[in-house]
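In the working numbering, the protein residues as written are 25 to 254.
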DNA sequence: ATTTGATCATTT
DNA sequence: AAATGATCAAAT
């Protein structure tokens, strides 16, 4: 029996990646952090991305903030997703930053959103704030690609949102736009600004935005896999 | 300033 | 109670 240890290099195949992810199921974040020698924060208030970094470490992802897929050689993106006791998502899922300028010629097929979501390794983690961070357990992983219907839903929302961005309506977009994909601020704070297109086609400064998967979408894909009720 | 990793906390 | 808008940290 091999001792449980983090992968020190990127997995050679999707099968190896999935196998390692499956071995982590059932362990608590405290156990995995201790085995990896990673300090555990008291909570996630000042370390929102800590769980993601811990799982990246265990799965041999190129940790850090490089603008690539987590497993570039495999074409796989890693996403941890906080779930409640019924297996339903507690939070939306960040996909990528939305390009607010230079969008001429971009289509759904060539979009960052579609590329990021082409193949995703989802790792559910208990996220109820009543559970101490160290005691939260890792769930069974799910390797996923959008099916036809999911791709269609994503495309329709993406097209609506991108149309508004291109037409200078970015500041009229709220999180209520989109059925499964929404656009929300993605910034250090409300003072961080980036360039966008204004209503008259002029350059403006606005909050950086990101695309997020809504909980109905991620909840359904988890449910479909684990045969849970939504 | 922007990318990565996301969750927080106020509003509805 | 749920969702929206705001925010935190590290790396580049």
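Just so you know, even glycine gets a beta-carbon here, dropped at the ideal spot from N, CA and C.
Residue 159: which of 41, 194 and 57 sits nearest, CA to CA?
57
Do residue 76 and residue 32 have their CB atoms nearer than 8 angstroms?
no
When you compare only the Cα positions, how much space is there between residue 117 and residue 238?
7 angstroms
What residues match up with residue 144 in a beta bridge as DSSP calls it?
101 and 168
Provide the residue(s) that pair with residue 6 in DSSP beta bridges, ordered along the chain.
Lying outside 25 to 254, the shown extent of the chain, residue 6 is not represented and no answer is given.
Using the rule of at least 16 other Cβ atoms within 10 Å of the residue's Cβ for burial, across every protein chain shown, is residue 163 buried or exposed?
buried
Span of the alpha helix (DSSP H), counted from its first residue to its last, around residue 60
53-60
The alpha helix (DSSP H) spanning residue 47 covers which residue range?
38-48
Host alpha helix (DSSP H) of residue 24 (start-end)
With the chain represented from 25 up to 254, any question about residue 24 goes unanswered, as that position is not in the structure.
Compare the Cα-Cα distances from residue 29 to each of 203, 55 and 205 and report the closest residue.
55
Nonlocal neighbours in the same chain, by C-beta distance under 8 angstroms from residue 81, ignoring five residues either side
30, 60, 62 and 87
Spatial neighbours of residue 182 within its chain, please: C-beta separation below 7 angstroms, excluding the five flanking residues on both sides.
132, 135, 137 and 205
Helix, strand or coil, according to DSSP, for residue 129 in the structure here?
coil
Kindly indicate which three-state DSSP category residue 183 falls into: helix, strand or coil?
helix
For residue 190 versus residue 143, is the C-beta distance shorter than 8 angstroms?
no
With a cut-off of 8 angstroms on the beta carbons, I'd call residue 249 and residue 166 a contact; round off their distance for me.
5 angstroms
Just the C-alpha distance for residue 38 and residue 47, rounded to the nearest angstrom, thanks.
14 angstroms
Stretch-stretch touch, CB-based, cutoff 8 angstroms, three pairs: the segment 225-243 with the segment 194-203:
yes
Does the separation of the CB atoms of residue 123 and residue 141 fall below 8 angstroms?
no
Alpha carbons only, please: which of 173, 90 and 108 is nearest the one belonging to residue 256?
In the structure displayed, the chain extends from 25 to 254; residue 256 sits before or after that span and is not available.
On the three-state DSSP scale, how would you describe residue 253?
Annotation note: pLDDT 46 at residue 253 (below 50); position unreliable, coordinate value reported separately. Residue 253 falls in the coil class under three-state DSSP.
Please report the distance separating the alpha-carbon of residue 254 from that of residue 148.
In this prediction, residue 254 scores a pLDDT of 46, lower than 50, which makes its location untrustworthy; no coordinate-derived value is stated.
So is residue 251 buried or exposed if we call it buried at 16+ other beta carbons inside 10 Å?
exposed
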